Amino acid sequence: MAMALFHLAFPVDDLAAARAFYGGVMGCAEGRSCDEWVDFDFHGHQIVAHLAPGEAGDRASNHVDGHGVPVPHFGLVLEMADWEALAKRLRDAGCEFVIEPTIRFKGQPGEQATMFLRDPAGNALEFKAFADRAQLFAK
4 MAMALFHLAF PVDDLAAARA FYGGVMGCAE GRSCDEWVDF DFHGHQIVAH
54 LAPGEAGDRA SNHVDGHGVP VPHFGLVLEM ADWEALAKRL RDAGCEFVIE
104 PTIRFKGQPG EQATMFLRDP AGNALEFKAF ADRAQLFAK
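Per our numbering, residue 4 is the first one in the sequence shown, and the count goes up by one each step.
This is how it looks when you write it as structure tokens:
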């Protein structure tokens, strides 16, 4: 079976700001677009920023390992070196983190590097990595 790719459509309130963040800060190549949406290549996956003022942003948070994790959120599981490079890129760009790059569940099953931030529309994103990717679904 071929590797599946995900497609995610999400609301933003300003396409120019979405382009600056996803294209500029995150380094995602832009695909198709029109006056109401923009496709981005999100590490080989397709995400689509749809103009929908007032609909973006998280609505709640859940307590996870001492942090208030924004809900909803989306993101990627990266290789550790890619996660570290992204954390540096985001810091260098002056991004404000909801949860600073950190190691969660240290010494436990599922130990992972994680970070949370928001795009300009307030959508929450999580990026994580595992020293041992076999721990992704560890209990």
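Ideal placement from N, C-alpha and C gives every residue a C-beta, glycine not left out.
The model shown is predicted, which means the values in this text are computed figures rather than measured ones.
Original post:
Across which residues does DSSP place R121 in a beta bridge pair?
Top reply: A127
Original post:
Is it buried or exposed for V15, if we count other Cβ within 10 angstroms and need 16 for buried?
Top reply: buried
**OP:** Using three-state DSSP, classify L8 as helix, strand or coil.
**Re:** Three-state DSSP puts L8 in coil, outside helix and strand.
Subject >> Identity of the residue in H53, A116 and K131 nearest D17 by Cα >> reply: For the residues H53, A116 and K131, the minimum Cα distance to D17 belongs to H53.
Subject >> Short Cβ contact (8 Å threshold) for K91 with Q115 >> reply: no
Subject >> Option nearest V80 by Cα separation, candidates G113, R94 and D61 >> reply: G113
**OP:** Indicate the three-state DSSP secondary structure (helix, strand or coil) for R3 in the structure shown.
**Re:** Residue coverage of the chain in this structure runs from 4 to 142, which leaves residue 3 outside it and unanswerable.
Original post:
Does DSSP put R62 in a helix, in a strand, or in coil?
Top reply: coil
**OP:** Would you mind reading off the limits of the alpha helix (DSSP H) that contains L139?
**Re:** It is not in any alpha helix (DSSP H) - L139 carries neither H nor E in the DSSP assignment.
Original post:
Is the stretch 29-37 touching the stretch 135-142, taking contact as three or more C-beta pairs under 8 Å?
Top reply: no
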